[in-house]
Structures are given as structure tokens and as C-alpha cells.
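In the working numbering, the protein residues as written are 1095 to 1309. All C-beta atoms, glycine included, are put in the ideal place defined by N, C-alpha and C. From a predicted model like this one, the values you see are computed outputs, not experimental measurements.
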Amino acid sequence: MGLTGCVASIIAWDRHSHILDIAQLEFLTGCFEGRPSDCHPHQLWDFSFAGADIDKSLLPLHHNFTVDLVGQVHQWAHYASSVLPRTPASATLTAWWIGINDTGDVLGHNITDFGAFWREEMASYFGAVELAYAHDLRGSYLFINVPPEDRSPNNLGKSSAPAIAARIEEYNAALAAYVKDFAQSHPDMNVMTFDAHTWFNDILDNAKNYHNTTG
């Protein structure tokens, strides 16, 4: 997808031996099936759940077994934070990538004030981030925004595409503001962002440059 090299250069990948994933970054680490402790040189502890939204109190679960982001972090805090291997903060990266489902799922709900809704979402999102921080998950936090899902094959040509684009723009703006505030209030942390939206737009606009012409 063209993401690997850019992210790796931003986060000085070789310095991080343990990665906690509140997203889905297996392809970055080469750590797929099996036990995370068997992955070398980068252990990947993955608490993400495909199809999750941020908070089930704001958007309903896709399935009764889905674990929302808030629940994922609570699971980590309750079951794993005290038993997973601990490494120096300088060697620990936590990746946060959420929002694709949220920006699509809101289309089926009667939300009249999206500005207020995204603030509620971010309050839940960064409540989870603060919980991780409070349980001594320190070092580097990488926040990735929502790519242009309105341009995905599933949405091309659909009347809902402009609305999806608008929701993504709102979400990404809210995320950027909250990341900035978090970085300012946590000077001990190395807070980074990756603009997946701009990156994937560039790939779609210049597909031949990336040797991707299959659509």
C-alpha cells in the first residue's frame, strides 16, 4: 500500500523492539501468526478488532462479539498491562489507528451536529489513550488518521461518497486537534502523526508512479 517505508522512516523503526498495536500493523513488523514473543526483532502485541468503532455508547457494535476501541484498551489494562514484557520507553511504540468504521457508520444515524459528535468521539478516544498512559504505556505514540474511504472501490460512484468525504474531513480535523493537545499536555511522550489521508490520495492521484494501475 506504500505506507511501510514512510512510517518506518518517521519512527526510526529499528529503535523499537516492542510495539503495542491499537490498529492493525502486522504488515509493518512481519509479525503475523503465532506468539508475539516469538517475533524477532520486533514483538507485536495486537489488541485491535477488525470492524470496531471507538465507543459502543456512541455507535452500535457491528456484531455482538465486536470489541470497541474503549473495550480493547480496557482489556489490555486489565489483563495484559501488568504481565506483558516491559521495555524502556525509548524502545516502545504504541500505534493508534481508528476511525474508518466510525466515519462510515455515522451515515446510518440521525446526527444533527457532527462537530459535537466528533468531540464526543475524541473524548472517548483520548480517554482510552489516557488509560494506556496511566498504566505506564510510555515512549512513542503514533496516531494515524482516516484515509479517503470515499474513493474506495466500494464507494466510487455512490451518492453517499460526498457525505463520507465530509465526515472524514471532520474526523481528521478533530483528531489533529486532540493529538496536538495531548502532545502539549504530555511533554514526556514522543507523539507522532501519519497523514494516511494525504498519502493515499497521492497514491490514487498518481497510481502509475506507485506501479498500481489495477484500480
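8 Å contact criterion, which residue i and residue j should meet: CB distance rounded
| i | j | result |
| --- | --- | --- |
| Ser1218 | Ile1262 | About 18 Å; that fails the 8 Å criterion. |
| Ala1222 | Leu1163 | 6 Å |
| Asp1062 | Leu1153 | Outside the displayed span of the chain (1095 to 1309) sits residue 1062, for which this structure offers no information. |
| Ala1216 | Leu1269 | Checking the displayed sequence, the identity of residue 1216 turns out to be Met instead of Ala. That belief holds up - the Cβ atoms of Met1216 and Leu1269 are roughly 7 Å apart, short of 8 Å. |
Nearest residue (CA-CA) to residue i, options the options
| i | options | result |
| --- | --- | --- |
| Pro1241 | Asp1230, Ala1259, Tyr1227, Gln1278 | Ala1259 |
| Arg1213 | Met1286, Asp1282, Asn1266, Thr1287 | Asn1266 |
| Leu1250 | Leu1298, Tyr1272, Thr1287 | Leu1298 |
| Ile1176 | Asp1230, Ala1268, Asp1296, His1280 | According to the sequence shown, residue 1176 is Ser rather than Ile. Taking only the C-alpha atoms, the option nearest Ser1176 is Asp1230. |
| His1157 | Ala1146, Gln1278, Ser1151 | Ala1146 |
| Asn1248 | Gly1198, Pro1281, Asn1303 | Gly1198 |
| Met1283 | Asn1300, Ile1205, Lys1252, Thr1186 | Thr1186 |
| Gly1209 | Asn1295, Thr1307, Pro1281, Ala1271 | Ala1271 |
For residue i, three-class secondary structure by DSSP
| i | result |
| --- | --- |
| Thr1292 | helix |
| Thr1188 | strand |
| Asp1140 | strand |
| Asn1284 | strand |
| Leu1152 | coil |
| Ile1238 | strand |
| Thr1197 | helix |
| Pro1182 | coil |
| Ala1271 | helix |
| Ala1146 | coil |
| Ile1297 | helix |
| Lys1252 | coil |
| His1172 | helix |
| Val1161 | coil |
C-beta contact flag for residue i and residue j at 8 Å
| i | j | result |
| --- | --- | --- |
| Phe1220 | Phe1141 | no |
| Val1167 | Phe1143 | no |
| Arg1232 | Ala1183 | yes |
| Glu1264 | Ile1194 | no |
| Thr1292 | Val1273 | no |
| Leu1178 | Ser1254 | no |
Examine the Cβ distances between the region 1185-1196 and the region 1230-1241 and report whether three or more of them are shorter than 8 Å. yes
Mind the definition here: the region 1221-1233 touches the region 1161-1172 only if three or more C-beta pairs lie below 8 Å; say whether that holds. yes
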